[in-house]
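Keeping their order, the protein sequence lines are chains S and X. Using this note's numbering, the first residue of the first sequence is number 1, and each one after it goes up by one. Using this note's numbering, the first residue of the second sequence is number 1, and each one after it goes up by one. From the three backbone atoms N, C-alpha and C, an ideal C-beta is built for every residue, glycine too. Notes to accompany the following structure.
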Amino acid sequence: MAGILSITGLGKRYASGLVALEDVNLEIQKGEIVALLGPNGAGKTTLISIVCGIVSGTSGTVLVDGHDIVRDYRASRALIGLVPQELHTDMFETVWATLNFSRGLFGKAPDAAHLEKVLRDLSLWEKRHDKIMTLSGGMKRRVLIAKALAHEPRLLFLDEPTAGVDVELRRDMWALVRRLRESGVTIILTTHYIEEAEEMADRIGVIAKGKLIVVEEKAKLMRQLGKKQLTIHLMSPLAQLPEALSAWNLTLKSEGRDLEYTFDGHEEKSGIPELLRKLAELGLEFNDLQTRQSTLEDIFVSLVHRKP
Amino acid sequence: MNHHAVYAIFRFELARFGRTLWTSLATPVITTSLYFVVFGAAIGPRMTGMGDVPYGAFIVPGLIMLAIFTESLNNASFGIYLPKFTGTIYELLSAPVSPFEIVLAYVGAAATKSVILGLVILATANFFVPIRVEHPVWMFAFLVLVATTFCLFGFILGIWAKSFEQLSFIPMLVVTPLTFLGGAFYSIDMLPPAWRTFSLFNPIVYLINGFRWTFYGTSDVPVEASFGATLAFFAICLVVVAWIFRTGYRLKN
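Now the structure itself:
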């Protein structure tokens, strides 16, 4: 697969001295869905804004399908569609007029059939003659997506597409993203919702404090960074961990009633049988066992709060 | 050249004007008519010193210029300020359009509306006073040049403004007073010598007199100076716009 987006050494320092992005490197292949996760102010929107041409980067290069976003901005921008985070719309325009405007703006000849398809896909066809100001928040969000798709982009940025969106629309949106990918569109989305990234993405990038901490395939990320925990509920509480159990990564929880064993689920030997035998030897009785695998959310939180 | 984009913006802007067609055209027509009632009919007969041109006819070029100045500034500044205000500017900044195409489309649309407005006022004035246009080609060329220049100026204002208050500051507090003092309603030859000299520092004097020359062949200042001043203002606006796009001033962070 050929790379559609190639970011090398990208940095952004604002005039105020604030460093919004630092040495970001990212390669994205055609047809991928990549989710960028990160807390508020991490630099996700700045990254997208630079690629789209809304903000100028201060260092590094960005290529979209081989076209430099500064030197060859016409070719690169024509390939990109952007759905912004905020509901920025031309309130007094009709849905149909705003879509035609977007398509023309991106250099494409009018194509009513394509716009009709986009509107039907987004359940907006019946609303095409309505002024945008009369639409609900969810509908306005759909209009923004329709505008971004009006010029048939090959690389689509969705900046928090499901923020403040009801469950039904969120599921519709996910289905749409999958359909777009099937038609060959590459999708980069930022989100706060971990389950969204988990549900949608092939790869996940985590941004914190302007740095891209990790970009990895979702399954690999969870395998590498995910932990498993075994909780053993003891019959009688322990005041402290016996010395004989120091070989295991154990912590005492719930006022000594729970023993929590954290282990790597992908190691051939989990150490559980040995631990259970040892507990029996020590006469420590238990009445319940529970295992839990860390979620993407746990991984995300640990990554973001990890000391540099 | 992304001609689809230029056409899209141009059409979008004209559609915006179309939505406010009634206020856009009726207001200046009514205002101009009122000027004729007050200045033309009530005060006009007492005014002398305009040569062989009746006072009512004398003020027509000035009235058209007054409307062109304010409407061009308002339309062009609003056209680019509105996307900044609503946030839809993101689409323009992320589109494959060059600064030249953006300016051509926005300023072209605003100037088109201004020129139409100027011609409507001219037609309205024709109902009240006999008007002759000695140099119709120059008249139209001057109308287009002044409208385009003030639309460029308005475009700059729209990018500069951070609030609606700032948006109306220059048209209300600078351009309108300068126009009233710029000989829209009188010949600066009627002023005492000191005020006449002072008036010559007002650039609007040159614009109004140049335009009046295309009607009646008379002007308080040399016609060459009028055209020169207008072209100079146009060139300054172009340089500022070029600087705005090169630096991203108030457009890009």
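At a cut-off of 8 Å, the C-beta of Ser94 of chain X has a neighbouring C-beta in chain S. As a beta-bridge residue in DSSP terms, Lys211 of chain S pairs with S:Ala208. Under the Cβ distance rule, Arg132 of chain X does not count among the residues neighbouring chain S, no pair being separated by less than 8 Å. When the alpha-carbon of Leu122 of chain S is set against those of S:Leu221, S:Gly205, S:Arg141, S:Phe263, the nearest one is in S:Arg141. Look at Ser16 of chain S here: in three-state DSSP terms it is coil, with no helix or strand label. Comparing C-alpha distances from Leu284 of chain S to each of S:His114, S:Leu259, S:Val62 shows the shortest one belongs to S:Leu259.
Counting every other CB atom within 10 Å of its CB across the protein chains shown gives Gly217 of chain X a total below 16, marking it as exposed. Gly9 of chain S places its beta carbon less than 8 Å from that of Gly60 of chain S. Of all residues in the region 106-118 of chain X, none has a C-beta nearer than 7 Å to a C-beta of chain S. Taking a C-beta distance under 8 Å as the contact criterion, Phe36 of chain X and Phe128 of chain X qualify as a contact pair. Between Arg74 of chain S and Pro96 of chain X, the C-beta gap is smaller than 8 Å, which places the two residues in contact. Within the region 102-136 of chain S, the residues whose Cβ lies closer than 9 Å to some Cβ of chain X are Ser102, Arg103, Gly104, Leu105, Phe106, Gly107, Lys108, Ala109, Pro110, listed in chain order. Ala67 of chain X is classed as buried because its beta carbon has at least 16 other beta carbons within 10 Å across all chains shown. Per DSSP, Phe286 of chain S is one residue of the beta strand (DSSP E) stretching across 286-293. Judged by their CB atoms, Gly154 of chain X and Ala110 of chain X are nearer to each other than the 8 Å cut-off. If one requires a minimum length of 4 residues, the alpha helix (DSSP H) runs lying completely within the region 105-143 of chain S are 112-121, in chain order. Straight across, the Cα-Cα distance linking Leu79 of chain S with Pro153 of chain S is about 5 Å. It is roughly 28 Å from the alpha-carbon of Leu63 of chain S to the alpha-carbon of Val241 of chain X. In terms of Cα proximity to Ser76 of chain S, the closest of S:Gly43, S:Leu252, S:Leu156 is S:Leu156. The three-state reading of DSSP puts Leu252 of chain S in strand, counting E and B together. Closest in C-alpha terms to Asp68 of chain S, from the list S:Asp130, S:Arg128, S:Ile50, comes S:Ile50. Lys162 of chain X has no beta-bridge partner at all, per DSSP. Using a Cβ distance threshold of 8 Å, Pro130 of chain X and Phe245 of chain X do not count as a contacting pair. In terms of CA proximity to Thr162 of chain S, S:Tyr193 leads the group S:Arg179, S:Tyr193, S:Ile187.
With respect to Val215 of chain S, Leu26 of chain S sits close: the two C-beta atoms are nearer than 8 Å. Between Leu241 of chain S and Leu252 of chain S the beta-carbon gap is near 6 Å, inside 8 Å, which marks them as a contact. In the structure shown, Gln224 of chain S falls within a helical segment according to DSSP collapsed to helix, strand and coil.
Listed in chain order, the positions of the region 38-67 of chain S with a beta carbon within less than 7 Å of a beta carbon of chain X are Cys52, Gly53, Ile54, Val55, Ser56. In this structure the region 114-122 of chain X does not lie against the region 192-204 of chain X, because fewer than three pairs of beta carbons, one per stretch, are closer than 8 Å.
Contact between the region 84-96 of chain X and the region 55-67 of chain X is absent: fewer than 3 CB-CB pairs across the two stretches fall below 8 Å. Listed in chain order, the positions of the region 79-90 of chain S with a beta carbon within less than 8 Å of a beta carbon of chain X are Ile80, Leu82, Pro84, Glu86, His88, Thr89, Asp90. Among the residues of chain S, those whose CB is under 8 Å from the CB of Lys252 of chain X are Ile54, Val55, Ser56, following chain order. Against chain X, a Cβ distance below 9 Å from Arg74 of chain S picks out Asn2, Pro96, Val97, Ser98. Between the alpha carbons of Val83 of chain S and Ile188 of chain S lies a gap of roughly 10 Å. Secondary structure of Thr86 of chain X (DSSP, three-state): helix.
With fewer than 16 other Cβ atoms from the protein chains shown falling within 10 Å of its own Cβ, Asp288 of chain S counts as exposed.
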